[in-house]
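In what follows, a single structure is set out as structure tokens and then discussed.
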Amino acid sequence: MTVTYEELLSNISQESVFDKQILVSKDWLGHDILAGVIEVGEERPNIMITAGVHGDEPAGVIAAIKAAEALPVSANLYVLFCRDPAGYSSLEHIFSRMFEEDIKITNYNDLDMICANYGELIKLGDLRIGIFKNICLVFKPDFEKVSSAKIARNLDKALNEDKDLREKLDRMRVIIPSLSYRPGNPKIVSRAFYIVEGTVVDYDCLSDKIDLPESIALRSFIDKIRPVLVLDLHEGDHKGFCAVVSEKPSGVHKDVLEAVCKQVEIHGIGCTPLDKLENIELDYKLKIEQPIFHGAGVAKFNDRLVGYARKYGISILFSSERKRDFKDRVETHIVAVHSAVCTYATLHGL
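For the sequence shown, position 155 (counting from the first letter as 1) is numbered 154 according to numbering that gives the first Met the number 0, and the numbering increases by one without interruption.
Okay, here's the thing in structure tokens:
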């Protein structure tokens, strides 16, 4: 299992999975955000698989790459396998690269010390905000036991109550420590957010209000390739696997969802039961609002990637239980991707 984004790119190059890789953008630490491409012809439709928008969702990153190796369909495949390269690597790696020193992080006290030594530390009750130029680290004591979504909500509340803080942090990137469940011991990584107009928004948001260079580039990339099918791979704190769409599906859309859930139930970790789907928090400020059937539901994606890409075709978020065995999570996502792509291809003669 690769630990850093640099190691991940090296493995991809050695295995020659893609015909080519194209630069979509760069992240705030200077990493290339790449899309692996498998081409069959300009006249054929485009399918896009994305993963790794959050640093604590590594199974989707590996699954997106592995799934691309064996998709026998006549469509161009674009795999944006890691949308947040900095988040994929450990928090130690991020700070070591930022400060050009060997930084070690084992607990809350280390984060406190980093903020005090290298930036400005703000204490709001048990909420800590470390400011380093145009990025801030937000955390709490025992952050390993507190979800990043909860810390983001606490920050959102603090911004709402403090005008000076809103002005100080406006248009700043936010990273929140989180545990990434990989082979071996969990790694301390980060999830990315952004503050705009006094509100904390998720890094997955592609609203026109978001002026991050990589968000602008991703919107342009999607508009350029106009994918007929988009599969966005995530991990969450819910049980089992679920496939989530922006509206109640019909026709081919429904056929694809049913095929995915059926195959995951047989060959994967199993789907989230129908009676457990409602109000599952998939992500920060993102809940399933309407269960459809076993393992599938509807959520208000608004300006998130799945919602943004919906105008070009079918767009689905896949989410696996992130504390399950890593290999099982990877294989479940591969099963889901293959099922969705093959069902769509069959129904459209690809």
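We put the beta carbon where it would ideally sit given N, CA and C, even for glycine. Bear in mind the structure is a predicted one, so any value in this text is a computation, not a measurement.
Check: By Cβ distance below 8 Å, which residues in the same chain neighbour residue 96 in space, the five residues on each side in sequence not counted?; Outcome: 28
Check: Residue 172: which of 139, 129 and 122 sits nearest, CA to CA?; Outcome: 129
Check: For residue 84, count neighbouring C-beta atoms within 10 Å of its own C-beta (all shown protein chains included) and say buried if the count is 16 or more, exposed if not.; Outcome: buried
Check: Please report the Cβ distance between residue 63 and residue 50, rounded to the nearest whole angstrom; I am assuming they are in contact, meaning their Cβ atoms lie under 8 Å.; Outcome: 4 Å
Check: Alpha carbon to alpha carbon, what distance is there between residue 327 and residue 42?; Outcome: 36 Å
Check: Cα-Cα, which of 150, 242, 101 and 187 is closest to residue 199?; Outcome: 150
Check: According to the neighbour-count rule (16 or more other Cβ atoms, all chains shown, within 10 Å of its Cβ), is residue 342 buried or exposed?; Outcome: buried
Check: Using the C-alpha atoms, what's the distance from residue 116 back to residue 81?; Outcome: 31 Å
Check: When you compare only the Cα positions, how much space is there between residue 183 and residue 347?; Outcome: 42 Å
Check: Confirm, please, whether the CB-CB distance from residue 295 to residue 288 is below 8 Å.; Outcome: no
Check: According to DSSP, simplified to helix, strand and coil, what is residue 198?; Outcome: strand
Check: Tell me whether residue 370 is buried or exposed, calling it buried when 16 or more other Cβ atoms sit within 10 Å of its Cβ.; Outcome: With the chain covering only 0 through 349, there is no way to say anything about residue 370.
Check: Which residues mark the beginning and the end of the beta strand (DSSP E) in which residue 19 is found?; Outcome: 19 to 25
Check: Rounding to the nearest angstrom, what Cα-Cα distance links residue 318 and residue 35 in this structure?; Outcome: 22 Å
Check: Quick check on the DSSP output: what are the complete alpha helix (DSSP H) runs of length 4 or more inside the region 100 to 158, in order along the chain?; Outcome: 107 to 117
Check: Return the chain-ordered list of same chain residues with a C-beta closer than 8 Å to the C-beta of residue 321, the five sequence neighbours on each side being excluded.; Outcome: 55, 56, 58, 180, 234, 235, 236 and 328
Check: Can at least three beta-carbon pairs, one atom from the region 219 to 226 and one from the region 105 to 120, be found at a separation below 8 Å?; Outcome: no
Check: With a threshold of 8 Å, are at least 3 pairs of Cβ atoms found where one atom belongs to the region 236 to 253 and the other to the region 273 to 284?; Outcome: yes
Check: In the structure shown, what three-state DSSP assignment does residue 170 receive?; Outcome: coil
Check: Going straight from the alpha carbon of residue 53 to that of residue 38, what length do you get?; Outcome: 27 Å
Check: Would you decide whether residue 303 is buried or exposed? Buried here means 16 or more other CB atoms lie within 10 Å of its CB.; Outcome: buried
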